[in-house]
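Numbering (this note's numbering), first residue to last: 1182 to 1587.
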Ligand SMILES: [Fe+2]
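Here it is in structure tokens:
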């Protein structure tokens, strides 16, 4: 082959990859926008099977392997979340090299109306997870929902990927506030103060909290968040957990998947044995021990309105946390609350109004008892796992062996 021919072949191969990457993106978008089960099966499942076949026929390279892995992960998740196709997921997870998977009751979770029927007054989660409904005043929720609405300046000014199909150039970003008696300079200080009181009432160690860190997410229904430990600076200098982490749901029930909180900590020598699902619901607050492994299960099934987003505001409470960055308009982990500027208008939406607290309605939160803790993981193929069967494991297996939808 001449140099020219070699160059042409390489170019052709790159074009093929690009075309298939584009197809995968289109399938992901179709999944986010699917409003019927039939669309999921026709466009997503069939589309991914077709794509996997094409990628398998390509010349092996790191690019092809990454594409194959992404397509298989999406396919396995879609199959596992479909009650009729669930059984087909194991072959795909095995092809991914996974030996364990999030349990069927987790990935293919009951919808909230069924979940409510499952609530058995069990309280085995109360040392680890507490959930409150009607947790904040109607005015506070309405203001937060406005400030973090999918089309608000907060997301665009952080270049956040609210569509869920592309990268977010700035990565993770959060803001840190000192707790009272420091003066409440912003409305976010007022919100933090309310959530702080709720958490203090439920978690004894909260008496040591001196700082609050907040961040937010705005995701399509079928998007999720991989299992992780909340950590200072995303664990860059070793994992250090907050005292307590909280999630405030700003959108309706049924939009997006549940938060999964497990009993696994960094010190655990086994995978989580029990997990609890907290479904999103407007004005619900989920609070959990900051040491616990948790994530968001991708929303299953179709979505009523593809333009809707699952919006959540997270507040973690710390004994100590270092504020980072070089001042305003420098988004990243643990920044101080910025001032409004020519490029940042969103801080104005969270400006403190002097009369805010006195004009808000009194709040009477009601505690929600979650369904009994359930197994978090299952073997993909118990027989094939042999001595690596889940019940025989003596240590936490590597992340790559555990399928969780990503
Ligand atoms: Fe988290």
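All C-beta atoms, glycine included, are put in the ideal place defined by N, C-alpha and C.
Annotation: residue 1335 to residue 1529 spans about 10 Å, alpha carbon to alpha carbon.
Apart from sequence neighbours up to five positions away, the residues of its chain that approach residue 1233 with a beta-carbon distance below 7 Å are 1249, 1252, 1253 and 1256, ordered along the chain.
In this structure, DSSP gives residue 1246 a helical state, which the three-state scheme calls helix. By the Cβ-count criterion, residue 1567 is exposed, with fewer than 16 other Cβ atoms from all chains shown falling within 10 Å of its own Cβ. Sixteen is the threshold: when 16 or more other Cβ atoms of the shown chains lie within 10 Å of the Cβ of residue 1355, as they do, the residue is buried. The bridge partners DSSP lists for residue 1583 are 1281. Residue pairing for residue 1417: DSSP places it in a beta bridge opposite 1419. In this structure, residue 1313 lies away from residue 1397, with their beta-carbon atoms at least 7 Å apart. DSSP places residue 1307 outside both helix and strand once states are collapsed to three, so it counts as coil. With distances taken between CA atoms, residue 1403 lies nearest to 1489 out of 1339, 1489, 1282 and 1201. Boundaries of the alpha helix (DSSP H) around residue 1321: 1319-1328. Proximity of the beta carbon of residue 1411 to ligand 1 is indicated: a heavy atom of the ligand is located closer than 6 Å. Taking a C-beta distance under 7 Å as the contact criterion, residue 1286 and residue 1555 qualify as a contact pair.
Cβ neighbours of residue 1518 within its own chain (closer than 6 Å, five residues either side excluded): 1356 and 1367.
Residue 1557 sits close to residue 1456, with the two beta carbons spaced by under 7 Å.
At the C-beta level, residue 1422 and residue 1472 come within 7 Å of one another. Ranking 1202, 1194 and 1288 by CA distance to the CA of residue 1460 puts 1288 first.
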